[in-house]
Amino acid sequence: MGRNDTMQPADGFDGCIYAAQWNNIFPLHLIYEEPRNASVVMLPADSVREDLCGFIEILPEEEPVEIRPSPAIPTNITFPEITDDAEREKRIIAGVVSGVILILSVIILVLFCRHFTFEQGDYRTREAKGASRMKTADMAIQYGRTGQPEVQGKEWWI
Numbered sequence: 001m002g003r004n005d006t007m008q009p010a011d012g013f014d015g016c017i018y019a020a021q022w023n024n025i026f027p028l029h030l031i032y033e034e035p036r037n038a039s040v041v042m043l044p045a046d047s048v049r050e051d052l053c054g055f056i057e058i059l060p061e062e063e064p065v066e067i068r069p070s071p072a073i074p075t076n077i078t079f080p081e082i083t084d085d086a087e088r089e090k091r092i093i094a095g096v097v098s099g100v101i102l103i104l105s106v107i108i109l110v111l112f113c114r115h116f117t118f119e120q121g122d123y124r125t126r127e128a129k130g131a132s133r134m135k136t137a138d139m140a141i142q143y144g145r146t147g148q149p150e151v152q153g154k155e156w157w158i
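Okay, so the sequence shown: first residue is 1 according to UniProt numbering, each after it adds one.
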């Protein structure tokens, strides 16, 4: 560990390094990493073995997981019984609500049907029958099938 190409074979570090760190790099951790990084070289091969150097890691004890205790129900509580009055009130409320919904749906249905059954569209008149075949509106009125009554000009003096 700690050798380079310019050093003699006997130079370098010889001993036990367990938790060595240089600039936030742990070299021993890189050797035992899977998959091994290609830039990490061990010479001679298998010359480094994993050893704690007589140290025992002291890890902090794990804190117990905090679990909220379930609420304790007092033993002296008696729950009220469901009486017939409560059931009767529920049935009355359900009947009134369903009746209102039924009446509203009938009213909406009647209004919906009435909207579509109104008399809409064309209605009969006696005006300008055959007007589409004439060139001008005056000719359509003059020669229409129903005809318009002749009105004579009259003068009224008051």
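Using N, Cα and C, we set each Cβ at its ideal position, and we do this for glycine too. Fair warning: this is a prediction, and the values are worked out from it, not measured in the lab.
Query                                                                                                                          : Result
Segment limits, alpha helix (DSSP H) that includes D46                                                                         : Note, D46: premise wrong, no alpha helix (DSSP H); not H, not E.
Coil, strand or helix - V151 by DSSP                                                                                           : coil
Three-state class that DSSP yields for R65 in the structure shown                                                              : Contrary to the premise, residue 65 reads as Val rather than Arg in this sequence. In the structure shown, V65 sits in coil (DSSP, three-state: anything other than H, G, I, E or B).
Contacts around N76, its chain only, beta-carbon distance under 8 Å, and the 5 residues preceding and following it disregarded : none
Same chain only: Cβ atoms within 8 Å of D46, ignoring 5 sequence neighbours per side                                           : none
Distance, P69 Cα to V96 Cα                                                                                                     : 44 Å
Segments of 4+ residues assigned as alpha helix (DSSP H) that fall wholly inside the stretch 64-120                            : 84-117
7 Å Cβ cutoff met for N37 and L43                                                                                              : no
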